[in-house]
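Colleague: Sharing a structure with you now.
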Amino acid sequence: MLKRLFLLTLLFSSIFTFSQKKLSFTYIGNIGVYITDGQSSVLIDGLHTEYGDDYLFPPSTLIDKIQTKLLPDGILFTHYHGDHFSALLSNEYLNTNKKAILLGSNQITKEIKHFKDRVFTISTINYDKQVVKLKNIEIKGLKINHVGKRHISVENVGYLVDFGIKKVLHVGDTNWMEEINLFSQLDLVNEHIDIAVLPYWMLLDNNATMLIKKHINPKHIIATHISPRINKQELQDMKVTYPDVYFLNTLEQQIQL
Ligand SMILES: [Zn+2]
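Quick note: the sequence shown uses numbering that gives the first Met the number 0, first residue 0, plus one each step.
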């Protein structure tokens, strides 16, 4: 009887622990996040340098912390703009962490001269999801058009990062782009996304709540790419409109989800 009780307790406690398992998000500036389940980790758009007054970037102390303590297993980039990617820092990191891999579109990977066996190019020919395995994580990269007419040639890539316990979507610099039916083509709603990392401007659309539900349907939303010069009232209004959204705008800010 005691033994049975013990086994039952063990079963319930393991179910409880499993369901409690969380991902930790650390803000690295602009739309950069470091995500870990305690076992594996990815850094998305987290290695970049000063680009302008509207973009937070990781200072050298934080870059140092990434290279020596956070040690992401994968460094992923959505596109080559200087508020998202630094070729110098990326090459340096792959040289420091001999096991780390890099993912990006061709406009990113052509900047990486060595470490070819650890570099994965995400094609932007169509919207096909391309799988890359990394330890216990499954990453799918896919084209998601960059916002703005003048950036039409920018190869922007989004990522679905599946940690097993939770699945994260990071879209880079996009918008709803209904004129090309972008999100209908991406077919993300069947991916069972737990957490979506979005540029905050996607929340400014009048139909944002409906569009998020229809096209992504995440359990949680993290909004970022917030200018340090944003009108304080504008940010406050957004927080009131979206009380359940997590806003990342302070370096090394952490969220557990
Ligand atoms: Zn950007």
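Just so it is clear, CB atoms sit at the ideal spot from N, CA and C, and this is done for glycine as well.
What's the C-alpha gap between residue 63 and residue 56?
Modeller: C-alpha separation (whole angstroms): 13 Å.
Colleague: Taking the straight line between their C-alpha atoms, what separation do you get for residue 95 and residue 236?
Modeller: C-alpha separation (whole angstroms): 43 Å.
Colleague: Only counting runs of 3 or more residues, tell me where the beta strand (DSSP E) segments fall wholly within the stretch 155-188, in order along the chain.
Modeller: As far as the stretch 155-188 is concerned, its whole beta strand (DSSP E) runs of at least 3 residues are 156-161, 166-169.
Colleague: Need the endpoints of the beta strand (DSSP E) that residue 239 sits in, please.
Modeller: Taken as a continuous stretch (DSSP letters only), residue 239 belongs to no beta strand (DSSP E), being part of the alpha helix (DSSP H) at 231-240.
Colleague: To the nearest angstrom, how far is it from the Cα of residue 69 to the Cα of residue 207?
Modeller: Straight-line Cα distance between these residues: approximately 34 Å.
Colleague: Please name the residue, chosen from 32, 27, 36, 29, that lies closest to residue 21 on a Cα-to-Cα basis.
Modeller: The candidate whose alpha carbon is nearest that of residue 21 is 36.
Colleague: Which residues are close to ligand 1, meaning CB closer than 5 Å to any heavy atom, in chain order?
Modeller: Per the Cβ criterion, the list is 82, 172.
Colleague: By DSSP, does residue 256 sit in helix, in strand, or in coil?
Modeller: Here residue 256 sits in coil by DSSP.
Colleague: Within 8 Å, do at least three Cβ pairs link the stretch 45-55 to the stretch 98-108?
Modeller: No, the stretch 98-108 is not in contact with the stretch 45-55.
Colleague: If residue 194 and residue 156 are in contact, beta carbons under 8 Å, what's the gap, nearest whole angstrom?
Modeller: At roughly 18 Å, the Cβ-Cβ gap does not stay under 8 Å, so residue 194 and residue 156 are not in contact.
Colleague: Can you check whether the C-beta of residue 162 is within less than 9 Å of a C-beta belonging to chain B?
Modeller: The question asks about chain B, but that chain is absent: this structure has only one protein chain.
Colleague: With distances taken from CA atoms, which of 38, 40, 65 is nearest residue 28?
Modeller: Among 38, 40, 65, the Cα nearest to that of residue 28 belongs to 65.
Colleague: Output needed for residue 51: all residues of its chain with C-beta closer than 8 Å, excluding positions within five of it in sequence on either side, in chain order.
Modeller: The residues are 82.
Colleague: Taking the CB atoms as reference points, tell me whether residue 182 and residue 213 lie closer together than 9 Å.
Modeller: In this structure, residue 213 lies closer than 9 Å to residue 182 by Cβ.
Colleague: For a minimum of 4 consecutive residues, which ranges assigned as the alpha helix (DSSP H) are wholly contained in the stretch 25-92?
Modeller: List check, alpha helix (DSSP H) in window: 59-64.
Colleague: Under the three-state reduction of DSSP, which class applies to residue 141: helix, strand or coil?
Modeller: Note: residue 141 maps to strand in three-state DSSP.
Colleague: Would a C-beta distance cut-off of 9 Å place residue 75 and residue 138 closer than the cut-off?
Modeller: Yes. Within cutoff.
Colleague: Taking residue 151 and residue 170 to be in contact with their CB atoms under 8 Å, please state how far apart those CB atoms are, rounded to whole angstroms.
Modeller: With 8 Å as the limit, residue 151 and residue 170 do not qualify as a contact, their Cβ atoms being about 17 Å apart.
Colleague: Under 9 Å, do residue 121 and residue 161 count as touching if we go by C-beta distance?
Modeller: Cβ atoms of residue 121 and residue 161: not closer than 9 Å.
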